[in-house]
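*Asks:* Taking my numbering, I'd label the letters of the sequence shown as residues 1 to 281. Okay, handing you the structure first.
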Amino acid sequence: MNKIIDGKLVSSIIKENLKKEISSLDEKLTLVVIQVGNNEASNIYVNKKINLCNEIGINSIYKKYDDIDEEILIKEIEKFNNDSSINGILVQLPLPDSFNTKKVINSISYKKDVDGLTSINLGKLYNNEESIIPCTAKGIMKLLDYYNVLLEGKKVSIVGRSNLVGIPLFKLLLDRNCTVTMCHSKTKDLKSSLKESDIIISATGKKGLITRVMVKEGTVVIDVGISRIENKIYGDVCFDEVEERASLITKVPGGVGPMTVICLMENTLDCYKIQKNMKNL
Ligand code: NDP
């Protein structure tokens, strides 16, 4: 039986549907991608996002600053907020250490917040209101649904509690009636929590953190982590040994990654619809 959860396959199906919908619109959508500094991983992610925009028929404007004053960056973002030809604004993270990331992110209009990371969108999500959902968490939910993973009543452990992945995922899974345990670097006995879980989702960036002994037979394992070591990419999960026990498992790369980028495109379309009053927020 094929156990692999194929993010490339699922994202390509979503991509074809998005292409059709976007080409049927009267206007062309535009996404602004802002990068500060020259983080190597960020360069790769930004490229992927811009390439997918091109493939799908979304205009992209790439603003890369070697360095910029925080207040000037915020003024730039405000200009894009007020420009009706711009539908989505993304600030590639991480920003250099000198920046107040929360302040910069919160300067993005919540109606153009394609990453769903402004306090308004996160607050709406936690308060059961319509919101733009962070791309990776949204992508993981789509993968679980595509593979018909039953969620109601299941025990889920999430490893990693960032606003980007773990925390929004916690809420989305809770809303689907899972019993969710949130693990992090201070969790005392990671193995005991994981060993009881029907679904494990790991987002730490710690290569090989999740081993065979932590996983019971039949678990669904989603690996979000990315560690780049000597130009190779590794996940959090020791794939070869955990695969034996898993009923379904993602690979790194080719699992969650493609879902994150395609959900960014979907969120850009959603932002457009919100701006045109075709969708409520
Ligand atoms: P953060 O650094 O913000 O968060 C990492 C989390 O992992 C923290 O909550 C931290 O705990 C926890 N953690 C670290 N070490 C351990 C450990 N030994 N045991 C248990 N928990 C631990 O990272 P992000 O959430 O931004 O990203 C996580 C990973 O996912 C990265 O590798 C990133 O590259 C990848 N990623 C992949 C995406 C994709 O599309 N595939 C998209 C987004 C991220 P604590 O809070 O206590 O510090």
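Think of the CB as a built atom: it goes at the ideal place given N, C-alpha and C, for glycine as much as any other residue. If you're wondering where the values come from, they're calculated on a predicted model, not measured in any experiment.
1. Classify Asp139 as buried or exposed, calling it buried when 16 or more other Cβ atoms lie within 10 Å of its own Cβ.
2. Quick one: what's got a C-beta closer than 6 angstroms to Leu306's C-beta in the same chain, skipping five residues either side?
3. According to the Cβ coordinates, are Leu90 and Asp66 closer than 7 angstroms?
4. For Lys206, verify whether its CB is less than 6 angstroms away from any heavy atom of the ligand NDP.
5. Can you check which of these residues, Leu117, Glu152, Leu150, Met214, is closest to Val159 by C-alpha distance?
6. Would the beta-carbon of Leu164 be found less than 6 angstroms away from any heavy atom of the ligand NDP?
7. Ile201 to Phe80, Cα distance in whole Å?
8. So, for Val32: in the same chain, excluding its five sequence neighbours on each side, which residues have a beta-carbon less than 6 angstroms away from its beta-carbon?
9. Hey, out of Leu93, Phe99, Ile132, whose CA is closest to Ser162's CA?
10. Could you pull the start and end residues of the beta strand (DSSP E) that Ile201 belongs to?
11. Reducing DSSP to helix, strand and coil, say where Thr179 ends up.
12. Determine the burial state of Gly218: buried for a count of at least 16 other Cβ atoms within 10 Å of its Cβ, exposed for fewer.
13. Please state if the CB of Cys183 and the CB of Leu264 are separated by a distance shorter than 7 angstroms.
*Replies:* Taking the definition as stated:
1. Counting from one through the sequence shown, the residue named residue 139 turns up at place 139. In the sequence as presented, Asp is not what sits at residue 139; that position holds Gly. Per the 10 Å Cβ criterion, buried.
2. Residue 306 lies beyond the residue range present for the chain, which begins at 1 and ends at 281; the question has no answer from this structure.
3. Position 90 of the sequence shown holds residue 90. Position 66 of the sequence shown holds residue 66. No. Outside cutoff.
4. For the purposes of this step, residue 206 is taken as residue 206 along the sequence shown, with counting starting at 1. Yes, since a heavy atom of the ligand NDP falls inside the 6 angstroms radius drawn around the Cβ of Lys206.
5. Locating residue 159 in the sequence shown gives position 159, where the first residue counts as 1. Out of Leu117, Glu152, Leu150, Met214, Met214 has the C-alpha closest to the C-alpha of Val159.
6. Here residue 164 is taken as the residue at index 164 of the sequence shown, counted from 1. Answer for Leu164: yes, Cβ within range of the ligand NDP.
7. Looking up residue 201 in the sequence shown gives position 201. Looking up residue 80 in the sequence shown gives position 80. Answer to the nearest angstrom: the Cα atoms are 35 angstroms apart.
8. Within the sequence shown, numbered from 1, the residue matching residue 32 stands at position 32. Excluding residues within five positions, the ones whose Cβ falls inside 6 angstroms are Ile61, Phe80, Ile86, Ile89.
9. Within the sequence shown, the letter at position 162 stands for residue 162. Among Leu93, Phe99, Ile132, the Cα nearest to that of Ser162 is on Leu93.
10. For this step, residue 201 is matched to residue 201 along the sequence shown. Ile201 -> beta strand (DSSP E) spans 199 to 202.
11. As a working mapping, residue 179 is identified with position 179 in the sequence shown. Note: Thr179 maps to strand in three-state DSSP.
12. Position 218 of the sequence shown, counted from the start, is the residue given in the question as residue 218. So Gly218 ends up on the exposed side.
13. In the sequence shown, residue 264 corresponds to position 264, counting from 1. In the sequence shown, residue 183 corresponds to position 183, counting from 1. No, they are not a contact pair.
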